[in-house]
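Sequential numbering of the sequence shown, starting at 84, is according to this note's numbering.
We treat Cβ as the ideally placed atom computed from N, Cα and C, and that holds for glycine.
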Amino acid sequence: MTGWDVTGLRAALAAEVDGEVRFDAGSRGAYVTDGSNYRQVPIGVVVPRTVEAGARAVSVCARFDVPVLSRGGGTSLAGQTTNTAVVIDWTKYCDALLSVDPGARTCVVEPGIVLDELNRLLSRHKLQFGPKPSTHSHCALGGMIGNNSCGASAQAYGKTVDNVRRLEILTYDGQRAWVGPTPPGERARIAERGGRLAEIYAGLDRIATDYLADIRRGFPKIPRRVSGYNLDSLLPESGFDVARALVGSEGTLVTVLRAELDLVPVPAYQSLLVLGYEDICAAADDVSRLLEHCSPSQLEALDGRMAQLMREEGAYLESLGILPQGDSWLMVQFAGDSQEAVDEQAHALLRAVGRGEKDPDVAFSDDPEREQRMLRAREAGLGVTARPPDDRETWEGWEDSAVPPERLGDYLRDLKALFEEFGYDHPSLYGHFGQGCVHTRIPFGLKTADGVAGFRRFVERAADLVASYGGSLSGEHGDGQSRGELLTRMFGERLVTAFGEMKALFDPGNRMNPGKIVDPNPVDGQLRLGPSWRPATPATHFQFPEDDHSFNRAVMRCVGIGNCRGHTGGVMCPSYRATREEEHSTRGRARLLFEMLDGHADSAVKDGWRSTEVRDALDLCLACKGCKSDCPTGVDMATLKAEFLSHHYEGRPRPAAHYALGWLPLWARLSRLSPGLVNTVLHAPGLARAGKRLAGVDGARPAPVFAQRSFVQWWQARGGEEPDPADPRTVVLWPDTFSTYFHPSIAISAVRVMEDAGFRVAVPTEPVCCGLTWISTGQLTVAQKVLRRTLGVLRPYLEAGTPLVGLEPSCTAVFRADAPELLPADKDVQRLAGQFRTFAEQLVHHAPGDWRPPALARHATVQTHCHQHAIMKFDADRELMRRAHLDADVLDEGCCGLAGNFGFERGHHEVSMAVAEQGVLPAVRAAAPGSVVLADGFSCRTQIEDGGTGRRALHLAEALALALDGNLPSDAPERLAQRPPGPSRTARWTATASAAALAAAAAGTGAALRLRRRT
84 MTGWDVTGLR
94 AALAAEVDGE
104 VRFDAGSRGA
114 YVTDGSNYRQ
124 VPIGVVVPRT
134 VEAGARAVSV
144 CARFDVPVLS
154 RGGGTSLAGQ
164 TTNTAVVIDW
174 TKYCDALLSV
184 DPGARTCVVE
194 PGIVLDELNR
204 LLSRHKLQFG
214 PKPSTHSHCA
224 LGGMIGNNSC
234 GASAQAYGKT
244 VDNVRRLEIL
254 TYDGQRAWVG
264 PTPPGERARI
274 AERGGRLAEI
284 YAGLDRIATD
294 YLADIRRGFP
304 KIPRRVSGYN
314 LDSLLPESGF
324 DVARALVGSE
334 GTLVTVLRAE
344 LDLVPVPAYQ
354 SLLVLGYEDI
364 CAAADDVSRL
374 LEHCSPSQLE
384 ALDGRMAQLM
394 REEGAYLESL
404 GILPQGDSWL
414 MVQFAGDSQE
424 AVDEQAHALL
434 RAVGRGEKDP
444 DVAFSDDPER
454 EQRMLRAREA
464 GLGVTARPPD
474 DRETWEGWED
484 SAVPPERLGD
494 YLRDLKALFE
504 EFGYDHPSLY
514 GHFGQGCVHT
524 RIPFGLKTAD
534 GVAGFRRFVE
544 RAADLVASYG
554 GSLSGEHGDG
564 QSRGELLTRM
574 FGERLVTAFG
584 EMKALFDPGN
594 RMNPGKIVDP
604 NPVDGQLRLG
614 PSWRPATPAT
624 HFQFPEDDHS
634 FNRAVMRCVG
644 IGNCRGHTGG
654 VMCPSYRATR
664 EEEHSTRGRA
674 RLLFEMLDGH
684 ADSAVKDGWR
694 STEVRDALDL
704 CLACKGCKSD
714 CPTGVDMATL
724 KAEFLSHHYE
734 GRPRPAAHYA
744 LGWLPLWARL
754 SRLSPGLVNT
764 VLHAPGLARA
774 GKRLAGVDGA
784 RPAPVFAQRS
794 FVQWWQARGG
804 EEPDPADPRT
814 VVLWPDTFST
824 YFHPSIAISA
834 VRVMEDAGFR
844 VAVPTEPVCC
854 GLTWISTGQL
864 TVAQKVLRRT
874 LGVLRPYLEA
884 GTPLVGLEPS
894 CTAVFRADAP
904 ELLPADKDVQ
914 RLAGQFRTFA
924 EQLVHHAPGD
934 WRPPALARHA
944 TVQTHCHQHA
954 IMKFDADREL
964 MRRAHLDADV
974 LDEGCCGLAG
984 NFGFERGHHE
994 VSMAVAEQGV
1004 LPAVRAAAPG
1014 SVVLADGFSC
1024 RTQIEDGGTG
1034 RRALHLAEAL
1044 ALALDGNLPS
1054 DAPERLAQRP
1064 PGPSRTARWT
1074 ATASAAALAA
1084 AAAGTGAALR
1094 LRRRT
């Protein structure tokens, strides 16, 4: 940053820009890289609240002569969205759909709007934006325009450039204009007006004229030519379209402020045909033949290597089960106005190529849900191949080449030969084969000098190979730094010179995203890893057995795909959905943890485990574990957070909530001395507020009510003979803290149902705990001690192989996932993980064959606990509900927002409720009065009850136990469930008055003693 007045720049931006101006280490660290191999620390970050504020930020940066980088979803795979520049993130506020003209099929948008959100808003007009990259849930339109994005639907609708009508642009030196197709008459009027815009148009006209023959000859005539600037859009036959010439320029020429887009109708009907082949090259050979006989909306490819990786990872198994015979597959989708028409397109193609629907290597579907399952397997390619189960690290760098579709098979054979020559084994090959675009990730050795040198030699050879086929270095991901240096090999010196002249025309000072496309940084420069990367290798409590026992490798699972920035569906990432902050996404936190490892001298994060920047970013992590299942590479931020907290607070005081909530199991046991008194104090006016303040609990969150009699106390009073651990009918019901001390009716109900199913229930009466609350607050040494003590209590059952049944999903998840990572060498931990089951798993898979659950015959609104979603899954619960005649609507609305201690901690209540209001609470409010609301997690039930829904959620065990007693009431059936009542108003005020009296008496006594001493 030498030479820039960073202090003055920051002050000017803060004074003049309506937005969030961030030059702190945390913000800079979160934006240090994207989805690529490259890393550059930003100067600062600006998050404008309006488009005008974003334009003003560019103006301020120009005054200080500092580089500018516009950023959307930040998923670029070629290094376009990492730079030593002021990063302008448009996605938090500048995300509006400004207008729609359904008749003209156009709309105007701001650059930060996410594609899926745009299409959701357009759906009422039955319109959509045609191109749909695999990142559609989180990619922004500004980024799509910058990259010239495509996706599978480009087969029907073309690239982004083919769907842009006009752009409102801003140059670094302040020229602002709407640009688009410009006929000669309009160009003449621009020239007459003079000024900077006339200069730009004259320069573009000169470039188009001087290089006309080169452009016509040197630009490949293929569907997926994305590399280079779109000089071909300036040709006379292209209408001198300045907007389209700027699409794909990656922020190196202008800032896009608004865009007018062409729209297409949403297909009314679709069908999917999947054809099997002996290998991926044979599949590629057949592409041109298929295209001779049909005009599909998509033509995608998936190879056997990817299918193998999915099986090894246990991912998309349902999709794989639908695939026909073969070792590689082409997926051909058809769209039309009627089901008969799209089905006939598929059958006509089969007839033309001599195949039949009943052939073993053919699969046909006109079921939209089934089609989406099959296509999701292809769409998941990047995540599946990024972190293979064999622990090879694979990277981008040649993940996006494109050739004429009719030459695709031969190109793949040559590419595979190149892989073999360089010892890169057999990377998966897949992609948009209908347009000749190939995706792959390659195990480059990016940590050693020899490996990096091999990487450079490979991409140079590969660039020469694709050029020899008349192809493009990039088929949709752009050039950036990955391919900028290689453009001469594709276009030749003259056209690359023309690119340079276009850059100089718009950005003569080279301040717009410098080092990309023109005058590019070296393909092996500014690497995120590289031979000079020397990260710390800290000792850890968690052993990370799936990451070669390395915290670093666990952090590096994040490759920047960005699914954690999605707005709907799944669980990941609730804090990002609430705040729209990069630092509050799984990716942003992983970036900061990577920087914390201090592998580079210029890292913005300098304090290691003591880093306040990392602590602050992790503070709003709900530890929901949604990322462990929803992230394509399985980042487990909850575990990484717990590990960080354990070191961050080592040897020094922790936040009060870590003691109050982290030690909850102990306080719950102590509550048995006088639960009524404890409840009264926790809810007494004044006292409760003071207690929450001391405990670090948010004042807006009511304290849960302790039961007068715990489940274990009920069990001991019930009496009965202890079953033999070796009896195959014996099951141990786990007495978790929440079901024992707060909602004992759940555990009592579980006993009733399991005994009805023929099981003999045992319950440990000695204190046991999974250690969850200590884990979530990072008190891992204590958690390990608690787990070891619990193992001792459970040893007779572990030795006998007795199954244990958990009712609280978060506790079950500890035994199935966290405990094996904390104590991986402990055989009893391994036994416990294998023997621990959910309530539904026990009844569905292990109950006697003649047992049937009681029939509820009701609709149910069901909230799945995040830890169950991530670790145990919900299949058994769905089946148990089906058998109980529950018509279950299992919500796909994300996390409830409470997430254990998170929603109770001071400063988290607003985010907690914002997360809940994004889906869970509105869905519960909309549930019919006679429906059953089910939530097995204590946090979920508490949030539903505290969230103003007017409903109380039941555990599935409670619902089944109530059904054993007969029919449920028609309205609010949950009222039959027992919950501990709160203290009476009189008791609460009496406690407050007593406390006040004691305080007054103490104060009076103190005053009297002081007076006596004076006299």
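Comparing alpha-carbon positions, which option in the options lies nearest residue i?
i     : options                  : result
T468  : G671, E427, T477         : T477
V836  : G397, D449, V814         : V814
L1151 : A637, P350, S380         : The displayed coordinates of the chain run from 84 to 1098. Any statement about residue 1151 would go beyond what the structure contains.
G983  : P614, F1021, Q1001       : F1021
P748  : D117, C894, R784         : C894
L964  : G645, P628, A1046, H731  : Residue identity differs from the one stated: residue 964 is Met in this sequence, not Leu. Comparing Cα positions, the closest option is A1046.
F789  : D807, S411, R1062, R1071 : R1062
I305  : L491, A751, D562, P736   : L491
L346  : Y176, H950, A1010, K209  : K209
E629  : A460, Q258, D88, A900    : A900
G554  : R961, E479, F541, V521   : V521
D972  : A1006, P850, G759, Q391  : A1006
A281  : G301, A291, A260, T292   : A260
Using the rule of at least 16 other Cβ atoms within 10 Å of the residue's Cβ for burial, across every protein chain shown, is residue i buried or exposed?
i     : result
G802  : exposed
D101  : exposed
R272  : exposed
P319  : exposed
H509  : exposed
N1050 : exposed
T921  : buried
Q518  : buried
M84   : Unreliable placement is indicated for M84, whose pLDDT of 49 sits below 50; the coordinate value is still reported in the next sentence. With fewer than 16 Cβ atoms within 10 Å of its Cβ, M84 is classed as exposed.
T864  : exposed
D450  : exposed
H221  : buried
Q408  : exposed
H928  : exposed
S757  : exposed
D810  : exposed
Where does the unbroken beta strand (DSSP E) through residue i begin, and where does it stop?
i    : result
A536 : First-last for A536: 532–551, but that is the alpha helix (DSSP H), not the beta strand (DSSP E).
E103 : 102–105
C520 : 520–522
D972 : 969–973
M414 : 411–419
I228 : Careful: I228 lies outside any beta strand (DSSP E), inside the alpha helix (DSSP H) at 224–230.
V197 : Where V197 is concerned, there is no enclosing beta strand (DSSP E), given that its DSSP letter is neither H nor E.
Should residue i be listed as close to the ligand MN, given that the test is whether its C-beta is under 7 Å from any heavy atom?
i    : result
S484 : This structure lacks the ligand MN, and indeed carries no ligand of any kind.
Taking residue i as part of the alpha helix (DSSP H), name the residues at either end of that continuous run.
i    : result
F582 : 576–589
W857 : 855–859
Any contact between the region 642–652 and the region 193–210? By contact I mean 3 or more CB pairs, one from each, below 8 Å. Segments in contact, yes.
Scan the region 316–391 and note each continuous beta strand (DSSP E) run of 3 residues or more that stays entirely inside, going in chain order. As far as the region 316–391 is concerned, its whole beta strand (DSSP E) runs of at least 3 residues are 338–345, 352–360, 381–386.
Counting Cβ pairs closer than 8 Å, one from the region 420–434 and one from the region 370–388, do we hit at least three? Output reads yes: the region 370–388 touches the region 420–434.
Inside the region 141–193 only - alpha helix (DSSP H) runs reaching at least 4 residues: Complete alpha helix (DSSP H) runs here, min 4: none at all.
Counting pairs of beta carbons, one from the region 532–539 and one from the region 482–497, are three or more of them closer than 8 Å? The region 482–497 and the region 532–539 do not touch, with fewer than three beta-carbon pairs separated by less than 8 Å.
Would you be able to state if there are at least three C-beta pairs under 8 Å between the region 732–742 and the region 1044–1064? Output reads no: the region 732–742 does not touch the region 1044–1064.
For the region 448–491, which segments carrying the alpha helix (DSSP H) assignment without a break, of at least 4 residues, lie completely within its bounds, in sequence order? With a minimum length of 4 residues, the continuous alpha helix (DSSP H) runs that stay inside the region 448–491 are 451–462, 464–469.
Runs of alpha helix (DSSP H) wholly within the region 747–779 (minimum 4 residues, chain order): DSSP runs (the alpha helix (DSSP H)) wholly in the region 747–779: 747–753, 758–766, 770–778.
Across the region 560–580 and the region 309–317, are there enough close Cβ pairs to call them in contact, namely three or more that are closer than 8 Å? Counting Cβ pairs under 8 Å, three or more are found: they touch.
Counting Cβ pairs, one atom from each stretch, are 3 or more of them under 8 Å apart for the region 863–875 and the region 793–801? Here the region 863–875 makes no contact with the region 793–801; the two share fewer than three CB pairs at distances below 8 Å.
Check whether the region 696–704 touches the region 625–641, counting contact only when three or more Cβ pairs, one atom from each stretch, lie closer than 8 Å. Under the three-pair Cβ rule at 8 Å, the region 696–704 does not count as touching the region 625–641.
Touch check for the region 114–131 and the region 590–610: three-plus C-beta pairs under 8 Å? Contact between the region 114–131 and the region 590–610 is present, because at least three Cβ pairs lie under 8 Å.
Tell me, please, whether the region 677–684 touches the region 951–968 by the rule of three or more beta-carbon pairs shorter than 8 Å. With a cut-off of 8 Å, the region 951–968 and the region 677–684 do not count as touching, because too few Cβ pairs lie within range.
Pick out the complete beta strand (DSSP E) segments inside the region 879–925, 3 residues or longer, and give them in chain order. Unbroken beta strand (DSSP E) runs of no fewer than 3 residues, entirely contained in the region 879–925, are found at 887–889, 919–921, following chain order.
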